[in-house]
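Structure, as structure tokens:
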Amino acid sequence: MSRLNPAGPIPLTHGFDHFSGWKSQRIAHTYYPTSIVRDGKEEKLPSGTYIHDLILDDAFAFIRQEAESGTPFFCYIPTAIPHAAMHAPKELHEKVEDEVSRI
Numbered sequence: 059m060s061r062l063n064p065a066g067p068i069p070l071t072h073g074f075d076h077f078s079g080w081k082s083q084r085i086a087h088t089y090y091p092t093s094i095v096r097d098g099k100e101e102k103l104p105s106g107t108y109i110h111d112l113i114l115d116d117a118f119a120f121i122r123q124e125a126e127s128g129t130p131f132f133c134y135i136p137t138a139i140p141h142a143a144m145h146a147p148k149e150l151h152e153k154v155e156d157e158v159s160r161i
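Just remember that the working numbering sits 58 ahead of the position in the sequence shown, which is counted from 1.
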């Protein structure tokens, strides 16, 4: 956490004008966190809120607003979707156990 920014070191502290996302890398590995950081302010989320929908909604709103202004803009939208831990259940591991050892 940063004393200057309660959300910690986020893209706003590195030259970006807007930011929607997680306050830490640890939290980024869950699809349903308890909060989202928007422009430096942490907002609590209702249980079961899928954060990627919120991030994309914010990005689309930003793109529409900037496109209407007619000035050049840059929008970077990294998501953690392909990076979240996804582990197969034990029964699936057991199904392929013999094949894996054979390979």
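All residues carry an ideal CB built from backbone N, CA and C; glycine is no exception.
All values derive from a computational prediction rather than experimental measurement.
Asked, Found
"Same chain only: Cβ atoms within 8 Å of Ala117, ignoring 5 sequence neighbours per side", "Ser78, Cys133, Ile135"
"Beta-carbon proximity of Ala138 to His87, cut-off 8 Å", "yes"
"Collapsed DSSP secondary structure at Lys148 in the structure displayed", "helix"
"Closest Cα partner of Gly106 within the set Thr92, Arg96, Glu149, Gly98", "Thr92"
"Ile94 beta carbon less than 8 Å from that of Leu114", "no"
"Burial state of Lys81, where buried means 16 or more other Cβ atoms lie within 10 Å", "buried"
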